[in-house]
Amino acid sequence: MAEIMSSEVVVIGGGVIGAATAYYLCREGAEVMIVEADDLASGASGACDGFLSLQTKALGAHLRLAMESAKLFPSLVEDLEVDIEYRPCGGLILATSQEQMKELRARAKALSAEGLEVEVLSASELKKILPEVGKEVKGGSYCPLDAQVNPISLTLGLAHKAQEMGATILRGCRVENIVVTNNRVREIHTSAGSIHSRRVVCAAGIGSNQIGKMIIVDVPVLPQRGQILVTEPQEPVLPHIVAGAEYLGTKGNLQALLPAEEEAMKLGLGFTAEQTKSGNFLLGSTREFVGFDSQTTPEAMNAIARNALRFLPWIKDLDVIRSFAGLRPCSPDGLPILGTVKGVKGFYLATGHSGDGICLAPITGKVLSELVLDGETSLDISPFSLYRFK
Amino acid sequence: MDTGQEGRMRLPEESCTLVAVGAGPAGLCAAREAAACGVRTTVLDENDKGGGQLIKQIHRFFGSREHGAGKRGFEIALELAEDCANAGAEIRLNHRVLGFFEDGRLLVEGDFIYVLEAKAVVLATGALERSFPFPGWTLPGVMGAGAAQTLVNVHGVLPGKRAVLVGSGNVGLIVAYQLLQAGMEVVGILEVEDRVGGYEVHESRVRREGVPIYLRHRLLAVEGLEGVEAVLAKDLEKGTVKRFHADTLCLAVGMIPQAELASMRGCRMVFVRELGGFIPWHDGDMRTDRPGVYVAGDAAGVEEASIAMDEGRLAGVAALEDLGALSPNEARKRKEELKRRLNLLRGGAAGRPRAMAKERLAAGWRHR
Amino acid sequence: MAEKEMRVEKHPVLGVMGRGRRVTIFLDGEPITACEGEPVAAALYAAGRRVTRYTRKGHEARGPFCMIGRCTECSMVLEGWGMVRTCMTPVREGMRIWTPGRKGG
Amino acid sequence: MKGDWEKVWEEARERPVALVDCRQEIPCNPCEEACRKGAIRVGEDLCSAPVYDPGRCDGCGRCVALCPGMAIFLLDRRGGDGQAEVTVPWEMCGEIVEGERIWAVDGKGKVLTEGKVVKIKWMGGRWPTRLVTIRIPEERALKVRGVRFRENSVGSSEEVDQEYDLPEDYPVCRCEDVSREEVLKFLKMGLRSLTALRRSSRVGLGYCQGIYCQEQLRKELGMVTRRSEEETGMFKVRPPVRPVKLGRLGGVNG
């Protein structure tokens, strides 16, 4: 196609990270173009739950990033025109053994040391905030700052607001090549024509590896499948977002919290539950490396259902009306990949969020906008450098 | 069964040679062919009776002897189910297929959930009544014409006292007639076109009972508080609006093929207007583009029950051929005979566009 | 509408329609006469009850639409079991069903 | 009078004969199967209209009972008294008794005359049809296609005088109760894929899995994008395609 476009910044990917980046860039007055191969939230951002969970983050930089991100959500609620269904509901992690309780206690201590308030609850204390749990449940940890959001509305809201501020969104537009001359990004070839731009943010999620190849950089992002069950809508009955301790285990590869069952291990099973604003329960989830296959499987549906009933037996009479699977852009250590790449000026990475994309989107957008426009960030993002893997 | 906590219960697995999903005319006929040939055959259906939507058809059917023509629909349903069972197929009623995965496995809910694997799967999942939104369409008392038919003919319960029907195709005409048979008053049939859509013989039947057919009348809205109280329609000739006092509105505006399982399985889906919408692509023998997956009946394009029967038989024969249970020669012979019959059934003015669509499908179906 | 008027007693084609024995079911606590084995939705219709649920958003009345288990408009709460499609659920003596979304119910 | 019917008219002086009023291409031949005298032929091409030879008809009435279109009748003029007996298939509710008077109507439902019911006979398999024979003046006999007690229900509507104001907003998606207005709002935001539109508007995310509203959403999107239905595509189908209890799925309450 002959059309030649130009933009100050091009953001590749119309998921939550791309939308957030575009939003914060636009707030700083930048001219932004979002290039999206399909449509907004068509990848992992549209096929995940709405957990904004702080207590599940890795200690250290990851947690700090998440805590900074959490602070930004209330401002988004104010600023975005779409109802993002943000609910500061607090989050629970439930333990099903004394060993797990011990781990949760240790984590709570460590998290508190880093400034995140987390309370350990005995079985009887737990009863006060979640009256009915499975017999196996021995207690849990509660983080009042954990919250919930509608990931699709969030993505849509950010992108829409960016658009209002002048951003252009190219839908159904595939990036075919990135032209680099004199060590600097110059042009992006897309299925809709060429775009002249000296700054490109790669927020392409599981497509990041392919984008990286265009500038001969290996971006180690692999798709990790997460399956979720959706139930019929109900009156609000689940006050918090809830996860099982094994979710922490499979997420952070914490030996002490991995599931005992072989099948569950294979699926990377970890219990999560939330009730959305529309009333549906979202029950998760798995962590599987199966390439780009986003089908749901009978085994996982069965395993997720069975696992959910261990924690919340009273939901057994709910109808499951759908299942879905998202492909998380997974990095080798499960932490995001943020920052520049060596030898190619004007290319920025905002990917590899590994299932924390929704939670980390606002802060990612904010620091990326700083990085792109000022060359430096208000928060140290060096722990998330691409070069930590080498 | 185990209560799940300690029970490391996995999904039970089962296998069989041929599975037909749907115990309507297509599924039963496909299964009968297979079972009669000695192949281990299972039919799954979510209803508590076999026969599909034939069970609510109390009128005598078109077709020829092979299709039970001249008999009433429910009578044909009983015979098909009996034939199928006598041939040795196992008909599992109250079994819901929840999923058909790309690896070919079916997830089924009967008394418990299980995984079913089969070398051949015939999807005969039927169709759904089409509807469209308009003001008041969600009021109780607005329903599919087939829904009203189910209520009166299967359960012997009237949906109301006075009905308006929308659509003068064969379904609209027949259902209007059947509501009258059960003792309901039919206030009128609304038709947006300038002529009746169904056969003259069906039109005549309702007209003889004094039911007016309002041509060039568009349904505007339904009024009512917690149920239908009146139906508004616009006379497109005069530009005036009529209000009909009725407590029931039946929509007879076509059917949509239901082939969601084919779509889930990864079958190529094509949009064929003449056949009601998206259907799995299939060749002249009812094979989809996925090995071992066949489709028949309304799920392969909305047509008559008699066609569903022969398509089911055709799918059964094709599956038998692919399974090696039938010699190529024998299969060819049977397929030719069935195709000859199908051609005859699609011979009239009403059938020709469908016949042509089916031919285009068999020839590969490319975008025009 | 009285039950007698809603049930087809003698049909010109089907003759006297066979029905299960008369039993009582409870709709939002109120007893309703039904025939064993017929779908709950049909029993409600026979009793002149067409509303099967109220929507969560607009509190609008809804009723059976497809009668073959597809539209889910007839879904109601069956005590001890949860949501069921009433057009697919046979009547059993004493079953208690509740109208979802009904105010003051 | 058409050629065939002239012959029917003549033959009916000798014995009751069938009057086959079937002109359309209908894939159907029970009349041929019903006739033991070979008076009705459809032949190989199922859709051809029946060819009928009144000369071979013995007036048994089997075709009248079995015709799915209820388009065959009997005419009997043996009386020769200016009256004819016409037999029609009848499957309506209510009772007809011999001796009572009833309307005779034509194929459009117009009342032709009043007649007296002279015979009622059940024919046609396990679930038979009633054949009702009425006696009417013979000049009307060829036109009779039915009998009826009630008057036409025409007149049960009223004209609405004022310009009728249609409610503008109504649900597109029944399950999730999403209005058309809401859908348009998301289209205005620029959503262009069916999946994205579904996820954002929630049309099709309900209990029924979007089988009713999908077509509508496709239409709305197609109008904006000018894409055909095939190009717009379908909702991705995810299991379970029928609601299933979580306990069942997890293998608990079997």
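Residue numbers (my numbering), protein chains in the order written: chain Y, 1 to 390; chain E, 1001 to 1368; chain A, 2001 to 2105; chain C, 3001 to 3254.
For every residue, glycine included, the Cβ atom is placed at its ideal position computed from N, Cα and C.
Quick one: which chain A residues come within Cβ less than 8 angstroms of residue i?
i	result
Ala1315 of chain E	Within 8 angstroms Cβ-Cβ: nothing; Ala1315 of chain E doesn't reach chain A, min ~22 angstroms.
Gly18 of chain Y	Under the 8 angstroms cutoff, chain A gives no residues; its nearest Cβ is about 31 angstroms from Gly18 of chain Y.
Under 9 angstroms Cβ-Cβ, which residues of chain Y neighbour residue i?
i	result
Gly2082 of chain A	Glu232, Lys316, Asp317, Leu318, Asp319
Gln3214 of chain C	Per Cβ cutoff of 9 angstroms: no residues; Gln3214 of chain C is ~14 angstroms from chain Y at best.
Phe1101 of chain E	Gln295, Thr296, Thr297, Pro298
So with CB distances below 8 angstroms, who are the chain Y contacts of residue i?
i	result
Gly1188 of chain E	Within 8 angstroms Cβ-Cβ: nothing; Gly1188 of chain E doesn't reach chain Y, min ~38 angstroms.
At a CB-CB cut-off below 7 angstroms, which residues of chain C make contact with residue i?
i	result
Ala1182 of chain E	Cys3093
Ser1131 of chain E	Tyr3212
Lys1071 of chain E	Gly3125
With 16 as the cutoff for other CB atoms within 10 Å, does residue i come out buried or exposed?
i	result
Arg3238 of chain C	buried
Ala1349 of chain E	exposed
Thr181 of chain Y	exposed
His2059 of chain A	exposed
Asn1153 of chain E	buried
Glu1260 of chain E	buried
Lys1071 of chain E	buried
Trp314 of chain Y	exposed
Phe289 of chain Y	exposed
Asp3257 of chain C	One cannot answer for residue 3257 of chain C here, as it falls past the ends of chain C, which runs 3001 to 3254.
Gly1172 of chain E	buried
Met1001 of chain E	Because the pLDDT of Met1001 of chain E is 37, which lies under 50, any placement of that residue in the model is unreliable, and the number read from its coordinates should be weighed accordingly. By the 10 Å Cβ count, Met1001 of chain E comes out exposed.
Ala1308 of chain E	buried
Pro131 of chain Y	exposed
Asp1048 of chain E	exposed
Gln55 of chain Y	buried
What does residue i pair with, by DSSP beta-bridge criteria?
i	result
Ile2032 of chain A	A:Ile2025
Val242 of chain Y	Y:Leu92, Y:Ala273
Leu283 of chain Y	Y:Leu229, Y:Ala273
Gly1188 of chain E	E:Val1164
Arg965 of chain E	Summary: the structure shown does not reach residue 965 of chain E, with chain E confined to residues 1001 through 1368, and so no result is reported for it.
Pro329 of chain Y	Y:Pro223
Met1269 of chain E	E:Pro1280
Pro3171 of chain C	C:Ser3179
Taking the beta strand (DSSP E) that residue i belongs to, which residues open and close that run?
i	result
Gln227 of chain Y	222-233
Ile34 of chain Y	32-35
Thr1150 of chain E	From DSSP, Thr1150 of chain E is part of no beta strand (DSSP E); its letter is neither H nor E.
Tyr348 of chain Y	344-351
Gly2082 of chain A	2082-2085
Asn177 of chain Y	175-181
What does residue i touch in chain A if you count any residue whose Cβ is under 7 angstroms from its own?
i	result
Val1152 of chain E	Val2008
Ile1058 of chain E	Val2013, Leu2014
What residue range does the alpha helix (DSSP H) around residue i cover?
i	result
Val142 of chain Y	Note that residue 142 of chain Y corresponds to Tyr in the displayed sequence, not to Val. Unbroken run through Tyr142 of chain Y is the beta strand (DSSP E), 139-143; no alpha helix (DSSP H).
Ile1174 of chain E	1170-1181
Tyr2045 of chain A	2040-2046
Gln3083 of chain C	Where Gln3083 of chain C is concerned, there is no enclosing alpha helix (DSSP H), although the beta strand (DSSP E) it sits in stretches over 3083-3090.
His1202 of chain E	1200-1208
Pro1025 of chain E	1025-1036
Just confirm the distance between the C-beta atoms of residue i and residue j, as a whole number of angstroms; I'd bet it's less than 8 angstroms.
i	j	result
Arg3130 of chain C	Ile3120 of chain C	6 angstroms
Leu1215 of chain E	Arg1195 of chain E	7 angstroms
Phe73 of chain Y	Pro362 of chain Y	6 angstroms
Leu1098 of chain E	Val1293 of chain E	The Cβ separation is near 17 angstroms, so there is no contact.
Arg1346 of chain E	Arg1352 of chain E	7 angstroms
Gly1224 of chain E	Gly1136 of chain E	7 angstroms
Asp49 of chain Y	Ile228 of chain Y	6 angstroms
Gly1073 of chain E	Phe1061 of chain E	6 angstroms
For residue i, return the contacting residues in chain E, with the cut-off set at a CB-CB distance below 8 angstroms.
i	result
Asn302 of chain Y	Arg1010, Leu1011, Ile1113
Report the neighbours of residue i on chain A: residues whose CB is nearer than 9 angstroms to its CB, in chain order.
i	result
Arg3148 of chain C	In chain order: nothing, as chain A lies at least about 13 angstroms away.
Arg3174 of chain C	Thr2055, Arg2062, Phe2065, Cys2071, Thr2072, Glu2073
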